[in-house]
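As structure tokens, the structure follows; a few thoughts come after it.
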Amino acid sequence: SWRKAMPELITVCWADGKPYQAIYGTQGEMEIFNPIEPRVYSTMDALLREVKSRFPSNFIHLGMDEVYDKCWLSNPTIRQWMTGHSINSSVGLHTFYADRILNITRNIDVTPIVWQDVWDEKVELPPGTIIQVWKDSSDQAVFGSWAAYLNQAANEGYNVILSSPWYINYISYGKYNTNASVMNLEFFKYYEVEPLRGFTGSDEAKKRILGGEACLWGEFVDGTNILARLWPKASAVAERLWSAASVNNSEDAQFRLV
């Protein structure tokens, strides 16, 4: 939508010495905001101020996940600007962009939330930024990965929201081993997540785990199936997040929530 409405804000991707070149799987013809375009920041300032006025919350989610930095680096104007500003990597460019966007949130007195990607890339984030962890899943074999993210982010002083185990747009086939028996329903996979399983940080760091959020992405979801994809899986996530760790009998929950 930004590309259609305000193309002057979007980075033109290059390949083989030509602009507007798509490399499918890597970049489109145009991708993401152009970090050296001043109008990006004036536009975002106006937008975020309007968001705050219409939705009076202390928090704004800024996204910042899955940045196509190859498009940035393919653009000769951006590379020339980077040289002139002693920025020698996409991380430095991302830090420049993130700092200016985060400065807007400071000016309008809201707490920013960002996806973990920007933190993974070692972009400098101001104190108080909330990191939303989304990588990896609730699979028994890989839970340690998101547990490690929680440990590291909280121990670095960031507040954290967990989403990794709760991507409820995923469809799992076959059976899932619950703590009581083998069930066919995805509901149990989401219900039996223990967010602090594997957390080894201090009690003070544990307080920085604010909670979690279920995510439902729209590649295969529209108005015809959204309710069936949301429920009862979202209710499993809700009960897990609002319950003690000892409340974990998924068979009991089945009768109440499914």
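Per my numbering, residue 121 is the first one in the sequence shown, and the count goes up by one each step.
Idealized CB from N, CA, C, for every residue including glycine.
Query raised in the report: Nearest to Asn275 by CA position, among Gly332, Trp235, Ile251, Ala135, is which residue?
Result: When the alpha-carbon of Asn275 is set against those of Gly332, Trp235, Ile251, Ala135, the nearest one is in Ile251.
Requested in this report: To the nearest angstrom, report how far apart Lys436 and Thr146 are at their CA atoms.
Outcome: Only positions 121 to 378 of the chain appear in the structure, and residue 436 is not among them; the question remains open.
Query raised in the report: Do Asp165 and Trp235 have their CB atoms nearer than 7 Å?
Result: In this structure, Trp235 does not lie closer than 7 Å to Asp165 by Cβ.
Query raised in the report: How big is the Cα-Cα spacing for Pro196 and Arg317?
Result: Rounded to the nearest angstrom, the two C-alpha atoms are 47 Å apart.
Report task. Identify every residue that forms a DSSP beta bridge with Gln252. Result -> Looking at the DSSP output, Gln252 bridges to Trp235, Ile281.
Query raised in the report: Which residues in the same chain have their Cβ closer than 8 Å to the Cβ of Asn289, if we skip the five residues on either side of it in sequence?
Result: Closer than 8 Å at Cβ, skipping near neighbours: Cys335, Leu336, Trp337, Gly338, Glu339, Phe340, Val341, Arg349.
Query raised in the report: Which partner residues does His380 have in the DSSP bridge list?
Result: Residue 380 lies beyond the stretch modelled for the chain, which goes from 121 to 378, so this question has no answer here.
Query raised in the report: What residues in its chain sit with their C-beta under 8 Å from that of Arg123, if we drop five residues either side in the sequence?
Result: Residues Ile130, Met150 of the same chain have their beta carbon placed closer than 8 Å to that of Arg123, with the five preceding and five following residues left out of the count.
Query - Residues bridged to Phe153 (per DSSP) - result: For Phe153, which the question treats as bridged, DSSP gives the partners Ile130.
Query raised in the report: What residue from Ser194, Pro155, Ser121, Asn345 has the CA that sits closest to Gly137's CA?
Result: Distances from the alpha-carbon of Gly137 to those of Ser194, Pro155, Ser121, Asn345 put Ser194 closest.
**Report entry** Rounded straight-line distance, which links the Cα of Asn345 to that of Met303
**Finding:** Its pLDDT being 46, under 50, Met303 is placed unreliably by the model, and nothing is read from it.
Query raised in the report: Run through DSSP, which three-state label would Leu361 get?
Result: Here Leu361 sits in helix by DSSP.
Query - CB-CB length for Phe308 against Ser370, believed under 8 Å - result: With a Cβ gap of about 5 Å, Phe308 and Ser370 count as contacting.
Report task. Could I get the ranges of all uninterrupted alpha helix (DSSP H) runs contained in the stretch 159–219, with 4 residues as the minimum, in chain order? Result -> Qualifying alpha helix (DSSP H) stretches, in chain order: 189–194, 196–204.
Query - Same chain, Cβ closer than 7 Å to Val160, neighbours up to 5 away in sequence not counted - result: Hits under 7 Å: Leu129, Phe153, Asn154.
Query - Three-state class that DSSP yields for Ile228 in the structure shown - result: If DSSP states are grouped into helix, strand and coil, Ile228 belongs with coil.
Report task. Figure out for me which residue from Leu213, Phe179, Gln374, Gly331 has the closest Cα to the Cα of Pro285. Result -> When only C-alpha atoms are compared, the closest one is Gly331.
Query raised in the report: Does the distance from the C-beta atom of Thr215 to that of Val243 stay below 7 Å?
Result: Val243 is positioned such that its CB atom lies closer than 7 Å to that of Thr215.
Query raised in the report: With DSSP run on the structure shown, which of helix, strand or coil describes Lys309?
Result: Look at Lys309 here: in three-state DSSP terms it is helix.
Report task. Would you kindly report the start and end of the unbroken beta strand (DSSP E) that includes Leu330? Result -> Under the DSSP assignment, Leu330 falls in the beta strand (DSSP E) whose first and last residues are 329–332.
Requested in this report: Could you tell me how far apart the beta carbons of Thr320 and Asn271 are, in whole angstroms, since I believe they sit closer than 8 Å?
Outcome: So it is a contact: roughly 6 Å between Cβ atoms.
Query - Contact belief for Asp237 with Val313 at Cβ below 8 Å, rounded distance in angstroms - result: The beta-carbon separation of Asp237 and Val313, rounded to 22 Å, does not stay under the 8 Å limit for a contact.
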